[in-house]
Every structure is written in structure tokens, then in C-alpha cells.
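Protein chains: 2
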Amino acid sequence: MALPLRLEPALIKPRTPAGVLELLPPDQIAFQRMLDTIRRNFERFGFLPVETPVMELTDVLLTKSGGETERQVYFVQSTGALAKGDEGTPEMALRFDLTVPLARYVAEHEHDLAFPFRRYQMQRVYRGERQQRGRFREFYQCDIDVIGKDALSVRFDAELPAVIHSVFSELDIGAFTIQLNNRKLMRGFFEAQGVADAEQQALVLREVDKLDKRGEDYVRETLLGDGCALSPEGVERILQFVKVRSTSHADALVQLDALGEGNDALREGVAELREVLELVRALGVPEAAYALNFSIARGLDYYTGTVYETTLNDYPQIGSICSGGRYENLASHYTKSKLPGVGISIGLTRLFWQLREAGLVSSAQSTVQVLVTQMESAHLPHCLAVANDLRLAGINTEVVMEPAKLAKQFKYADRAGIRFVVVLGEDEIAKGMVTVKDLRREDQFEVSRAELASTLRVELAQAEALASR
Amino acid sequence: MALPLRLEPALIKPRTPAGVLELLPPDQIAFQRMLDTIRRNFERFGFLPVETPVMELTDVLLTKSGGETERQVYFVQSTGALAKGDEGTPEMALRFDLTVPLARYVAEHEHDLAFPFRRYQMQRVYRGERQQRGRFREFYQCDIDVIGKDALSVRFDAELPAVIHSVFSELDIGAFTIQLNNRKLMRGFFEAQGVADAEQQALVLREVDKLDKRGEDYVRETLLGDGCALSPEGVERILQFVKVRSTSHADALVQLDALGEGNDALREGVAELREVLELVRALGVPEAAYALNFSIARGLDYYTGTVYETTLNDYPQIGSICSGGRYENLASHYTKSKLPGVGISIGLTRLFWQLREAGLVSSAQSTVQVLVTQMESAHLPHCLAVANDLRLAGINTEVVMEPAKLAKQFKYADRAGIRFVVVLGEDEIAKGMVTVKDLRREDQFEVSRAELASTLRVELAQAEALASR
Chain V
133 MALPLRLEPA LIKPRTPAGV LELLPPDQIA FQRMLDTIRR NFERFGFLPV
183 ETPVMELTDV LLTKSGGETE RQVYFVQSTG ALAKGDEGTP EMALRFDLTV
233 PLARYVAEHE HDLAFPFRRY QMQRVYRGER QQRGRFREFY QCDIDVIGKD
283 ALSVRFDAEL PAVIHSVFSE LDIGAFTIQL NNRKLMRGFF EAQGVADAEQ
333 QALVLREVDK LDKRGEDYVR ETLLGDGCAL SPEGVERILQ FVKVRSTSHA
383 DALVQLDALG EGNDALREGV AELREVLELV RALGVPEAAY ALNFSIARGL
433 DYYTGTVYET TLNDYPQIGS ICSGGRYENL ASHYTKSKLP GVGISIGLTR
483 LFWQLREAGL VSSAQSTVQV LVTQMESAHL PHCLAVANDL RLAGINTEVV
533 MEPAKLAKQF KYADRAGIRF VVVLGEDEIA KGMVTVKDLR REDQFEVSRA
583 ELASTLRVEL AQAEALASR
Chain F
133 MALPLRLEPA LIKPRTPAGV LELLPPDQIA FQRMLDTIRR NFERFGFLPV
183 ETPVMELTDV LLTKSGGETE RQVYFVQSTG ALAKGDEGTP EMALRFDLTV
233 PLARYVAEHE HDLAFPFRRY QMQRVYRGER QQRGRFREFY QCDIDVIGKD
283 ALSVRFDAEL PAVIHSVFSE LDIGAFTIQL NNRKLMRGFF EAQGVADAEQ
333 QALVLREVDK LDKRGEDYVR ETLLGDGCAL SPEGVERILQ FVKVRSTSHA
383 DALVQLDALG EGNDALREGV AELREVLELV RALGVPEAAY ALNFSIARGL
433 DYYTGTVYET TLNDYPQIGS ICSGGRYENL ASHYTKSKLP GVGISIGLTR
483 LFWQLREAGL VSSAQSTVQV LVTQMESAHL PHCLAVANDL RLAGINTEVV
533 MEPAKLAKQF KYADRAGIRF VVVLGEDEIA KGMVTVKDLR REDQFEVSRA
583 ELASTLRVEL AQAEALASR
């Protein structure tokens with residue numbers, strides 16, 4: 133039996149852990165464009181950037197004991213700690229959202245921040261989710277929050293729908309509706325129906341949340357059951373209430389009027405929603421983009437006033453693409469200061485994945501705007517000089533570094549989504565000219581090297597202006 | 133003894149793990165501007181974005197057994213795995229650089245990528261470094277690499293100095309020098325001095341690397357010692373060789389000529405450096421920005437051709453701010469395909485920290501460009517409408533949401549680094565005018581609301597054009 137002369141080391145199969153979304157460059161470009169658009173709009177509304185470390189100290193991160201969140205946490209251990217066989221909970225863990233890090237950040241830097249503190253944060257978070265299609269263990273959250281010290285006017289609650297409108301208009305993924313509700317209004321209404329304590333309200337709201345999935349009859353049955361202790365009339369009033377959707381700005385005001393005088397909580401909730409609606413309009417948000425929806429509850433033990441959800445009109449099955457609300461106190465685990473806030477979050481990784489599934493992600497256009505071709509090795513210095521001119525004019529330019537057949541170079545540009553191809557052969561170099569091929573318009577023109585950069589800048593600016601209309 | 137009536141939960145001290153750099157918003161803005169500048173320049177040279185998950189499978193990440201790198205790795209465990217008390221090495225670990233993830237990515241997606249594959253990646257990496265001032269356990273790396281299939285022309289080695297030049301010119305952190313060397317040239321030279329095998333060369337190079345710190349006499353003594361087996365003449369030739377620094381493009385060519393015919397390796401290295409120098413010049417890099425430096429070696433068992441280091445002329449103590457080189461085969465652990473490449477890396481977190489220590493980071497200017505003040509609650513809808521105009525024109529605008537004394541609002545803008553303040557009082561609202569205060573020029577003017585956005589756009593564009601000169 134012949135033995136192999138040389139033992140090759142076995143290859144390791146290159147692969148990523150389950151539950152992460154890794155993209156090829158065309159999709160990564162599309163994803164990065166979405167991130168840029170979101171950031172640009174967050175900044176347009178005066179929010180300031182914050183980044184926090186991916187690892188937090190375990191005792192700081194897991195202030196609430198137990199619960200679903202803790203079960204999904206990833207812990208981090210250095211090689212040293214692992215080698216020592218340290219027992220117990222590791223010292224560090226990966227953040228599972230951006231809210232706990234924000235609370236820690238604001239409490240830690242309280243005396244260096246100006247309040248109301250307006251921050252945005254766009255980073256990845258980590259959750260040990262069950263393995264499932266469309267569920268991610270690593271995903272981007274894009275959050276904005278306004279944090280007040282001691283108090284924060286409800287007026288800030290009106291800015292967030294304006295940000296949401298600005299972001300999703302520019303993302304250009306179809307018509308959407310920002311749905312508004314108010315937890316005080318809900319509490320007041322439910323109390324008036326005899327659903328007095330918070331636990332019972334939570335029970336009813338969890339049932340109401342099944343309306344879309346299980347249908348009205350199913351929910352009616354459950355609400356009439358023993359657990360809720362509701363009268364048939366009470367159940368009907370609740371079902372009427374949670375079905376309220378306003379159809380215009382004026383209709384929203386009518387719906388609020390229709391709730392009547394009610395109790396203190398209801399009146400306060402109505403007054404807050406009125407103010408929010410008025411200012412949302414003053415901020416220029418078109419009335420087709422927002423609506424009251426009395427079924428929106430969000431995190432039951434967290435939000436206390438305004439709550440938001442956003443849905444795509446043509447893709448309701450995607451669910452909420454941007455949610456949030458008002459909370460009483462951000463950082464009670466870390467500081468005695470009272471820090472009320474209001475915020476929203478976009479789960480971009482999941483949204484991107486869903487949009488791509490729905491065929492709504494365009495990944496046809498490269499970040500590279502111009503390809504400078506090369507016909508002969510001797511031309512390379514000329515090609516590089518042309519590329520230098522273009523880059524100095526801010527145009528993203530790739531140079532073919534080894535000569536090849538022109539047809540092959542064109543094919544490459546076309547596949548890669550590069551719009552303009554610059555050709556310079558012997559004749560053109562002698563004349564100080566280049567030929568530009570526009571692959572989108574299937575057109576070509578000659579231009580002097582001196583005018584090449586400014587000509588392409590105009591073309592690219594026009595294309596961008598067209599695209600952003 | 134009276135017992136407290138209510139037990140308040142103890143507060144947890146908000147703090148981050150050791151070895152991370154968390155920034156307040158003004159510094160975060162400065163940091164983000166550096167990231168943006170680097171990305172813009174990477175894209176300008178035709179590099180495509182890639183992001184990889186922060187967690188890799190342990191067997192994929194740690195292909196090389198043992199070594200310094202493995203000792204510094206952070207392992208990741210889900211709550212479930214921890215609870216089960218799983219023994220042995222955890223399934224996942226945090227990336228410690230962007231090179232191993234790139235190798236895995238290229239091998240995994242080999243058939244979906246176009247080669248030469250030009251990618252950039254700007255993400256955080258994790259190392260369990262010893263705790264020390266200026267050492268980070270979480271830090272940004274900004275990498276670009278060109279990966280060829282089977283072969284990759286040395287011409288690509290010339291693009292990287294052009295990228296480095298473009299990035300650091302625009303970062304505007306002072307004069308810098310891109311230092312070039314070639315491992316083949318070094319190998320050829322050392323072989324000619326009788327330092328034949330790789331291990332011995334490594335030994336000599338490690339000593340040579342101490343020249344700046346320990347001085348020439350110290351290094352001479354060591355090289356004359358038993359371990360190196362060098363003749364006194366050999367040692368002097370080596371010391372002369374590693375002191376070579378070219379002073380201009382022409383001088384660089386003279387220095388290469390001066391090496392003479394030598395052996396194959398030397399000739400090959402000289403030819404490669406010549407070609408790189410010629411194309412670097414063709415790419416428009418000014419000759420003051422690059423130089424030969426025959427002492428640069430970089431990762432001894434990794435790089436095989438061109439190597440780069442970049443230093444700030446006025447801050448040599450910072451060390452190399454951007455390094456890299458040519459390697460034979462990126463992904464031999466994952467694929468049989470031969471994937472040679474060339475790349476560079478900027479360790480941005482450390483660089484930022486050092487620049488800030490040296491007082492070279494300007495964090496005076498907010499992302500917010502305009503603050504719209506509010507004198508009375510009744511004016512708020514007007515303030516919001518003005519802000520809407522500005523935002524639609526792409527101007528980052530914050531609105532003061534609660535009325536306050538104007539002086540206080542101005543002070544806030546000044547401290548926050550917001551340049552323009554818009555004031556609209558009763559009179560101005562009636563006339564459809566606003567007053568704009570330019571806090572930088574300490575100047576003010578009246579303008580109609582219809583013309584406000586376009587006026588400020590011009591002002592801001594001028595300021596930007598001035599700043600980028």
C-alpha cells in the first residue's frame with residue numbers, strides 16, 4: 133500500500149454561525165445605502181451620534197433578574213478566564229438591545245451631557261434566538277431617543293413621527309402609515325370598562341393583539357371567558373375601541389372627541405395625542421402618513437404615554453418596521469435622577485431581509501461609478517492619470533490593472549453595475565481625448581481629458597437628482 | 133431602631149469594561165467624520181464594502197493552533213450553553229482582526245465574487261490585550277485588500293499608496309510619509325550577507341527593528357554576538373542597508389540601482405519596487421509623500437513582497453498609522469484555490485486616541501447646523517414649519533421645543549458647536565421674516581422665510597468649501 137508522500141492539512145469548511153446575515157457586495161451596497169439614509173435623516177433632525185462597546189459588564193447589562201431577555205444573552209470570556217475554568221456567570225456579555233446601553237451611557241455621563249439629550253445609535257445587537265428563517269442572532273438596530281432630566285415635554289413625542297416620515301420617504305420602499313396611540317388613553321378606557329388593574333389590562337391587550345391573526349370571533353370568545361371577567365357589553369365596547377383607525381387628520385380629532393369626557397387618564401391621553409397630532413402636522417408630515425390606531429400597545433411594562441408603530445401599506449404581513457414610545461424613567465437601575473424619554477427603533481437587518489424577500493431591494497448599482505479600461509500595458513500610466521483626475525473630482529473610479537479584451541472589460545462593468553466606462557487607445561492618447569461609454573443609456577461620446585471629470589460629474593449629479601425625485 | 137419603610141433597590145454603578153473607548157458626542161462626531169472620510173476614499177478607489185459577523189465559529193477562526201493570537205481571543209457562549217455547563221472550547225469567538233474573516237468570506241463566496249476582488253471593511257475587532265493605557269480590547273480596523281485568483285499583478289501594489297495618500301491628505305492630520313520596502317529585496321540582500329535561512333533572517337530583522345529604540349550601537353553588539361554568526365563587515369553592510377531612506381523619487385531609483393546585480397530574489401524585489409514607484413507617481417502621489425525604507429519588514433511569516441508603513445512626519449512617536457503588504461495566499465486553510473493578495477489596515481481607534489492625546493482632534497463642530505429658537509409656546513408651530521423647510525433643504529436642524537430665555541438658547545448653541553441660530557418673534561412671524569445669527573462670524577442678518585433655506589445652504593456650502601481647502 134502506497135502512503136501519500138505529503139500530508140496536506142485538512143481544509144476547514146468556510147462558514148458563518150447560524151442566524152447571521154452576511155451579504156455579497158451588491159447587497160451590502162444596498163444595505164449601506166439604507167444605513168446612510170437613516171443616519172442622514174437622524175442627523176437632519178438634530179440627533180447626535182453615540183456608539184457603545186458591544187460588550188457590557190454582566191452586572192450592568194443584566195439589571196433585571198431572569199426573564200426572556202436573560203435567557204437569550206451571549207456571554208463573553210477571554211481565553212484566560214476560560215483556561216482558569218472560572219465558574220459562575222462570565223464578567224461580560226454582548227448587548228441585546230441599544231436601550232440598556234443608552235441608559236448606562238446617560239447615567240454614566242450624566243454631567244457631561246446637555247438635556248434634553250437627543251442621540252442616535254446604529255449598531256449591531258445580539259440575541260440567542262431560536263433558529264428560524266428570518267430570525268437573526270446578530271442584527272442592526274437604528275435607534276433615536278430624546279432623554280429629559282426630571283421632565284420631558286410631550287412635544288418631543290411629535291418629532292419622532294416626523295423623523296419616521298422623513299426616513300421612510302427617502303428609503304423609498306412604498307407607502308407607509310405611522311400608527312399612533314397613547315397608553316394613558318388606553319388605561320383610562322379600560323378602567324372605565326372595569327378592567328382596573330394592570331395585570332388584567334395586560335391580559336386583555338394580549339388577547340386583543342391576536343385580532344389580526346385569529347379574527348374577531350376568537351378574541352370575543354376569549355374575552356367573554358372566565359379569565360377576563362367582562363360583561364358582553366364591555367367586550368363589544370372593547371372590540372369597537374381597538375378597531376378605531378383614523379382616516380385623516382380631521383377624522384383623528386373626531387375619534388378623540390368621540391371618546392367623551394371619561395376619567396383623568398383618558399383625558400390626559402386624549403390631550404397628549406391632540407398636541408402630538410397638531411405638531412406632527414406643523415412639522416409638515418402629510419396626513420396620509422399617520423393615523424390613530426387604538427389597538428397599538430407595545431411593551432406593556434415599559435411604555436407609559438405615546439406609542440408608535442409603522443407599517444408598509446402594501447406589505448402589512450411584514451409587521452411594524454419602526455416602533456417605539458414614551459417611557460417614564462430610562463435609567464433607574466443606575467442613577468437616582470429621573471430620566472424620562474421617548475424613542476423609536478428600526479430593526480434594519482430584519483427589514484432588509486424582508487424587503488429583499490419581497491423583491492424590493494435594488495442592488496443593481498455599484499458604488500463604483502467609472503471603470504477606466506486598459507488596452508495595452510504601455511497605456512497604464514495614462515489610465516492611472518485619468519483615474520486620478522476623476523478621483524480628485526470625487527468620482528469613484530476603478531482601473532483595470534491588466535490589459536484584456538475590451539469586450540471582457542465592458543462585460544465586467546455591466547455585471548458589476550458600473551455605469552460609465554472610459555476607453556483610451558493609442559489614437560485617443562495622442563489626441564488627449566477619451567471615449568466614454570454610458571452603459572445605462574447605451575450611448576457613447578468623445579471628450580477631452582481636460583473636460584472628462586467635469587462632464588461626468590454633471591452626468592452623475594443629474595442621475596442622482598433624477599433618482600431622488 | 134427604625135427600619136426603612138421601603139427597600140430601594142441598590143443602584144448599580146454605570147461603567148464600561150476595561151479597554152474600550154467610549155466617546156461623548158462631540159468626539160463621536162469627530163470620530164464618525166474620520167470613518168466617513170476613510171470610507172469615501174476607499175470607495176473612490178473602487179473598493180467594495182463587506183461586513184462580516186462579529187462572531188465566527190471557533191474552528192473557522194482559530195485555524196492556526198496556539199500562538200499569541202489565540203491566547204487573546206474572546207469566546208462567546210449563549211445562556212443555554214453556559215447553563216448546560218458545556219465543557220471544552222465554546223463554539224463561537226469574536227474576530228480578532230479582519231483578515232481571517234476576509235479569508236473565510238472569499239473562500240466561502242469564491243464562486244459569487246469577481247476577481248481581482250477589491251473589498252474594504254471597517255468594523256470593530258476584539259483582543260484580550262493586557263490592560264494598559266492606549267491599548268484597546270475593542271477597536272476599529274479599516275482595511276482594504278485586493279485578492280487575485282491564481283495570480284495578482286504587482287501593479288495592484290501601487291494602488292494602495294495612492295489610497296493611503298488620498299485618505300490621510302483628506303483626514304488633514306499633518307504631513308506623512310508612506311514607507312515602502314519589499315520582502316524579496318530584503319531576502320536577497322540578507323542571503324548575500326550569508327544570512328541564508330528564514331529563521332536567521334527573522335532573528336536579524338527583530339534586532340534591526342530595535343534600531344530606533346535601542347540605538348545603533350546596541351544593535352551592532354547583538355548582531356556581532358554568537359546567535360547571528362555574522363562577520364563585522366556583514367554587520368556593517370546590514371546596518372548601512374537598513375538605514376536607507378530615499379529623499380525623492382529620483383533618489384529612490386538611485387538607491388535601488390546602488391544595490392547592484394545581486395541574486396535572483398534581490399533582482400525581483402528591485403524590479404517590483406521600480407514598477408510600484410513608477411505607477412505610484414502615475415497615480416499622482418506627490419513624491420514628498422512616499423519613500424523607500426529598507427528597515428520595514430512587517431509580519432515576518434506573512435508578507436512576501438511589497439510592504440508598507442505610514443508615519444506622521446511631526447509625530448514619529450505614534451508609530452505606523454497604516455501598514456500592510458503583499459501576501460502569497462489568503463485562504464489556504466479554507467480552499468485549494470490560490471488567492472494572493474495585497475492590503476493595508478488602519479487601526480482607527482488607537483489612531484484617534486493618539487491624535488486626541490496630541491491635541492489634533494477638533495471636536496468643536498456639531499452635526500447640527502441650525503438651531504431654531506422658541507420665544508413663546510404659541511410660536512412653536514411656526515418654529516416647526518421653519519425647521520421643516522430647512523430639513524427639506526438637507527440642513528441638519530434642531531428646534532428648541534420648550535420656550536426659554538433667548539440668551540440661554542444662544543448659550544446652548546454656542547456650547548454645542550451649532551453655527552447658525554434662527555430667531556422668530558411676534559414681529560418676524562407677522563412679517564414672514566426670521567433673524568439669523570451666525571455664531572462663528574458673530575454676525576446677524578434678516579431674511580424672508582421663503583429665502584431662509586437657500587441662503588443658509590449657500591453659507592454652509594461656502595464654509596464646507598473653505599474647510600476642505
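Same order as they appear, the protein sequences are chains V and F. Here the first sequence stands for residues 133 to 601, numbered as in my numbering. Here the second sequence stands for residues 133 to 601, numbered as in my numbering. Beta carbons: idealized from backbone N, C-alpha and C, even for Gly.
In the structure shown, L424/F adopts extended strand secondary structure according to DSSP, grouped into three states. Below 8 Å, enough C-beta pairs join the segment 454-471 of chain V and the segment 275-294 of chain V to call them touching: three or more. None of the residues of the segment 422-443 of chain F has a beta carbon lying less than 8 Å from any beta carbon of chain V.
Contacts with chain F (Cβ-Cβ distance below 9 Å) from the segment 177-192 of chain V involve F177, G178, F179, L180, P181, V182, E183, T184, P185, V186, M187, E188, L189, D191, V192, listed in chain order. Taking 9 Å as the Cβ-Cβ cut-off, the segment 511-523 of chain V approaches chain F at L512, P513, H514, C515, L516, A517, A519, N520, D521, L522, R523, given in chain order. Between the alpha carbons of A150/F and V367/V lies a distance of about 55 Å. In the DSSP secondary-structure assignment, M224/V is bridged to L189/V, V208/V. In the assembly as shown, S380/F is an exposed residue. Its beta-carbon has fewer than 16 other beta-carbons within 10 Å.
Under the three-pair Cβ rule at 8 Å, the segment 202-212 of chain V counts as touching the segment 251-263 of chain V. A distance below 6 Å between beta-carbons, with the five flanking residues on each side excluded, links I428/F to the following residues of its chain, in chain order: Q311, N313, V439, E441.
Within a 10 Å sphere around the beta-carbon of A420/V sit fewer than 16 other beta-carbons, which makes this residue exposed.
Contact annotation for M254/F against chain V: no contact, minimum CB-CB distance about 10 Å [criterion: below 9 Å].
Between the alpha carbons of V408/F and H465/F lies a distance of about 30 Å. Here R551/V has L571, R572 as same chain residues with Cβ atoms under 6 Å from its own Cβ, once five neighbours each way along the sequence are excluded.
Residue pairing by DSSP leaves I450/F without any beta bridge partner. Under the three-state reduction of DSSP, D277/V is assigned to strand. Not one beta carbon of chain F lies nearer than 8 Å to the beta carbon of A324/V. Residue environment analysis places Q264/F among the exposed positions, since fewer than 16 neighbouring C-beta atoms fall within 10 angstroms of its C-beta.
For the segment 202-217 of chain V, the set of positions with a beta-carbon nearer than 7 Å to some beta-carbon of chain F reads E202, R203, Q204, V205, Y206, F207, V208, Q209, S210, T211, G212, L214 in chain order. With a threshold of 16 other beta carbon atoms within 10 Å, Y434/V falls short and is exposed.
Using a Cβ-Cβ distance cut-off of 8 Å, the segment 234-249 of chain V and the segment 208-216 of chain V are not in contact, since fewer than three pairs of beta carbons, one from each stretch, lie closer than that value. In terms of Cα proximity to G357/V, the closest of E508/V, V336/V, Q506/V, I478/V is V336/V. In this structure, I170/V keeps its C-beta atom at 8 Å or more from the C-beta atom of I476/V. For L471/F, there is no enclosing beta strand (DSSP E), as DSSP gives it neither H nor E.
No Cβ of chain V is located within less than 8 Å of the beta carbon of A384/F. Proximity of H243/F to chain V, defined by a Cβ-Cβ separation below 8 Å, is not satisfied. Put simply, the CB of Q541/V is far from chain F, with every gap to its CB atoms at 8 Å or more. By a beta-carbon distance limit of 8 Å, P146/V does not contact V182/F. Their separation comes to about 14 Å. Annotation for I296/V: I310, T442, C454 place their beta carbon closer than 6 Å to its own, counting only its chain and skipping 5 residues before and after. V367/F has no beta-bridge partner at all, per DSSP.
Taking CB atoms only, Y544/F has a neighbour in chain V less than 8 Å away.
Buried is the label assigned to K569/V, since at least 16 other Cβ atoms lie within 10 Å of its Cβ. With the criterion set as a beta carbon lying under 7 Å from some beta carbon of chain F, the members of the segment 450-466 of chain V are H465, Y466, in sequence order. Partner residues in a beta bridge of Y466/V, as assigned by DSSP, do not exist.
Listed in chain order, the non-local C-beta contacts of S498/V below 6 Å within the same chain comprise A548, G549, I550, local neighbours out to five positions each way being set aside. Contact between F308/F and L398/F does not hold, since their C-beta atoms are separated by about 29 Å, which reaches or exceeds 8 Å.
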